[in-house]
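Residue numbering for the sequence shown follows my numbering, beginning at 296 and increasing consecutively.
Idealized CB from N, CA, C, for every residue including glycine.
Every value quoted in this text rests on a predicted model; they were computed, and no experiment measured them.
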Amino acid sequence: MDPMRALGIVIDAAEGSWWFKDMPSSRARFSKESSIGPEQIAGIRRLEPEEAIRLDQVVEEELINTDNSVGLTYLTEHHFDVGKSQPIMITSYVSDQHKK
(Lines of atoms letter the chains of each structure in order from A and count residues from 1; the text may use other names and numbers.)
(Lines give C-alpha, C1' and ligand atoms only; values in the text may rest on other atoms or scores of the structure.)
Protein backbone atom coordinates (compact mmCIF):
# COMPACT_ATOMS: atom_id res chain seq x y z
CA MET A 1 0.00 0.00 0.00
CA ASP A 2 1.21 3.48 -0.78
CA PRO A 3 2.58 4.91 2.49
CA MET A 4 1.40 8.45 1.70
CA ARG A 5 -2.14 7.23 1.19
CA ALA A 6 -1.98 5.01 4.26
CA LEU A 7 -0.94 7.99 6.38
CA GLY A 8 -3.55 10.24 4.79
CA ILE A 9 -0.98 12.69 3.43
CA VAL A 10 -2.08 15.10 0.70
CA ILE A 11 0.59 16.71 -1.48
CA ASP A 12 0.07 19.91 -3.45
CA ALA A 13 3.14 20.11 -5.70
CA ALA A 14 1.95 23.33 -7.38
CA GLU A 15 1.79 25.15 -4.05
CA GLY A 16 4.78 23.30 -2.56
CA SER A 17 2.88 22.10 0.51
CA TRP A 18 1.49 18.99 2.17
CA TRP A 19 -1.00 18.21 4.93
CA PHE A 20 -2.87 15.38 6.57
CA LYS A 21 -6.25 14.70 4.96
CA ASP A 22 -8.13 15.25 8.23
CA MET A 23 -6.24 18.50 9.01
CA PRO A 24 -6.35 20.61 5.80
CA SER A 25 -5.89 23.86 7.72
CA SER A 26 -2.48 22.73 9.07
CA ARG A 27 -0.32 22.81 5.94
CA ALA A 28 3.45 22.40 5.89
CA ARG A 29 5.64 23.96 3.21
CA PHE A 30 8.32 22.06 1.35
CA SER A 31 11.87 23.35 1.72
CA LYS A 32 12.87 25.74 -1.06
CA GLU A 33 16.51 24.69 -0.75
CA SER A 34 17.72 22.52 -3.61
CA SER A 35 20.15 20.67 -1.36
CA ILE A 36 18.74 19.34 1.89
CA GLY A 37 22.04 18.08 3.23
CA PRO A 38 23.21 14.93 5.03
CA GLU A 39 21.36 15.80 8.26
CA GLN A 40 17.99 15.19 6.57
CA ILE A 41 16.38 12.50 4.46
CA ALA A 42 13.56 13.74 2.21
CA GLY A 43 13.20 16.78 4.46
CA ILE A 44 12.96 14.70 7.63
CA ARG A 45 15.63 15.23 10.28
CA ARG A 46 17.94 12.28 10.96
CA LEU A 47 17.88 10.85 14.47
CA GLU A 48 20.68 11.77 16.82
CA PRO A 49 22.71 8.71 17.94
CA GLU A 50 21.00 8.72 21.37
CA GLU A 51 17.57 8.91 19.71
CA ALA A 52 18.40 5.99 17.42
CA ILE A 53 19.52 3.88 20.39
CA ARG A 54 16.30 4.69 22.28
CA LEU A 55 14.17 3.89 19.23
CA ASP A 56 15.91 0.52 18.88
CA GLN A 57 15.23 -0.18 22.56
CA VAL A 58 11.53 0.67 22.28
CA VAL A 59 11.10 -1.46 19.17
CA GLU A 60 12.88 -4.39 20.80
CA GLU A 61 10.84 -4.09 24.03
CA GLU A 62 7.49 -3.69 22.30
CA LEU A 63 8.02 -6.31 19.60
CA ILE A 64 9.99 -8.85 21.62
CA ASN A 65 7.37 -11.62 21.34
CA THR A 66 6.61 -11.16 17.66
CA ASP A 67 7.88 -13.13 14.72
CA ASN A 68 7.63 -12.80 10.95
CA SER A 69 5.01 -15.51 10.48
CA VAL A 70 1.52 -14.76 9.21
CA GLY A 71 -1.18 -14.88 11.82
CA LEU A 72 -3.50 -12.95 14.08
CA THR A 73 -2.32 -9.63 15.47
CA TYR A 74 -3.73 -7.07 17.84
CA LEU A 75 -0.98 -4.56 17.02
CA THR A 76 -3.19 -2.69 14.55
CA GLU A 77 -6.86 -2.08 13.89
CA HIS A 78 -8.63 -1.60 10.57
CA HIS A 79 -11.83 0.31 10.11
CA PHE A 80 -13.64 0.18 6.80
CA ASP A 81 -16.21 2.85 6.04
CA VAL A 82 -18.90 1.12 3.98
CA GLY A 83 -21.23 4.10 4.14
CA LYS A 84 -24.83 3.02 4.46
CA SER A 85 -24.13 -0.36 2.85
CA GLN A 86 -24.30 -3.53 4.85
CA PRO A 87 -20.78 -4.90 5.39
CA ILE A 88 -20.05 -8.34 3.97
CA MET A 89 -17.84 -11.06 5.38
CA ILE A 90 -15.91 -13.36 3.08
CA THR A 91 -12.95 -15.63 3.56
CA SER A 92 -9.69 -14.10 2.32
CA TYR A 93 -7.77 -15.76 -0.46
CA VAL A 94 -4.54 -15.18 -2.38
CA SER A 95 -5.06 -13.77 -5.85
CA ASP A 96 -2.44 -13.63 -8.60
CA GLN A 97 -3.10 -10.25 -10.24
CA HIS A 98 -0.90 -11.10 -13.24
CA LYS A 99 -3.21 -13.90 -14.41
CA LYS A 100 -6.22 -11.60 -14.73
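Legend entry - Minimum C-alpha distance to G311 - residue among Y388, R322, D376, R340: R322
Legend entry - Among G303, V354, D307, nearest to M318 - alpha-carbon criterion: G303
Inset, instruction - Could you give the DSSP three-state label for D351: helix, strand or coil? - result: helix
Inset, instruction - Ignore the nearest five residues each way along the sequence and tell me which others in I306's own chain have a CB closer than 6 angstroms to its CB. - result: W313
Legend entry - First and last residue of the uninterrupted alpha helix (DSSP H) at P298: 298-302
Legend entry - Proximity of L358 and L350 at Cβ, strictly below 9 angstroms: no
Inset, instruction - Have a look at D376 and S390 and give me their C-alpha separation to the nearest angstrom. - result: 23 angstroms
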